[in-house]
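Chemist: All residue numbers for the sequence shown refer to my numbering, where the first residue is 1 and numbers rise by one.
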Amino acid sequence: MSIAVSAVVKPSRLLRAALAIHAALNLGAALYLLGPGAGAFAAPHAIAACCLVVAAAAAHACACPGNKRLIDISGLGEMRVTVQQDTGGTARHNTLSRLLPGSTIWPGSMLLLVRSEGGKTAPVAVLPDCVGAQQFRALAVAVRAIGGHAAQDQDFFDPHKIL
């Protein structure tokens, strides 16, 4: 059985919604702390300022468009990660990558740590709404197989308890 798979990983709408909710809750907390009911707190203005900073950071992260990624895994276990940085498709970075220890696969999500040929390490989050159900299963099987091949060469599983 071949482990060859190709999957387009789109930015997650669930993660964007969670960031929006996080920003709204922090903004609500800041408004509450600036109101008359915040007398029970020691430094309500400092706490409100921290909540506003976090709300602004979460809103900025929510507003930024994410990058599409194309993960190609060959039948031999070579992984290529292509990052599409704009929607026009002109700016692409296609690099041969290596799966690192610390990658995690759960039944509903994956967090892959990959290192490119240039030495740059990047996390790739694959959530349920990023790919189709069949692609997710095929990608999970292929990543587990790559982790198994890497385990023969090094201590891949023992110190990190991954995959």
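No residue lacks a Cβ here, since even glycine has one placed at the ideal position from N, Cα and C.
Please read all numbers here as calculations on a predicted model, not as lab measurements.
1. Kindly indicate which residue of N67, T95, I21 has the alpha-carbon position closest to the one of G119.
2. Which same chain residues, not among the five before or five after L139, have their C-beta less than 6 Å away from its C-beta?
3. Could you tell me the alpha carbon to alpha carbon distance between L111 and C62, rounded to whole angstroms?
4. Ignore the nearest five residues each way along the sequence and tell me which others in L15's own chain have a CB closer than 8 Å to its CB.
5. Helix, strand or coil: which one does DSSP assign to A59?
6. Only counting the same chain, and skipping five residues up and downstream in sequence, which positions put a Cβ closer than 8 Å to that of Q152?
7. From what residue to what residue does the alpha helix (DSSP H) around I21 run?
Modeler: The structure says:
1. Position 119 of the sequence shown, counted from the first residue, corresponds to residue 119. Looking at N67, T95, I21, the one whose alpha-carbon comes closest to that of G119 is T95.
2. Counting from 1 along the sequence shown, the entry for residue 139 is found at position 139. V5, A7, listed in sequence order.
3. In the sequence shown, residue 111 corresponds to position 111, counting from 1. In the sequence shown, residue 62 corresponds to position 62, counting from 1. Roughly 19 Å separates the two Cα atoms.
4. Sequence index remark: in the sequence shown, residue 15 carries index 15 (1-based). Excluding sequence neighbours, L15 sits near A125, L127.
5. Looking up residue 59 in the sequence shown gives position 59. Helix, per DSSP.
6. By one-based count along the sequence shown, residue 152 stands at place 152. Because the pLDDT of Q152 is 49, which lies under 50, any placement of that residue in the model is unreliable, and the question is left without a value.
7. Working through the sequence shown from its first residue, we reach residue 21 at position 21. Note, I21: alpha helix (DSSP H), 13-34.
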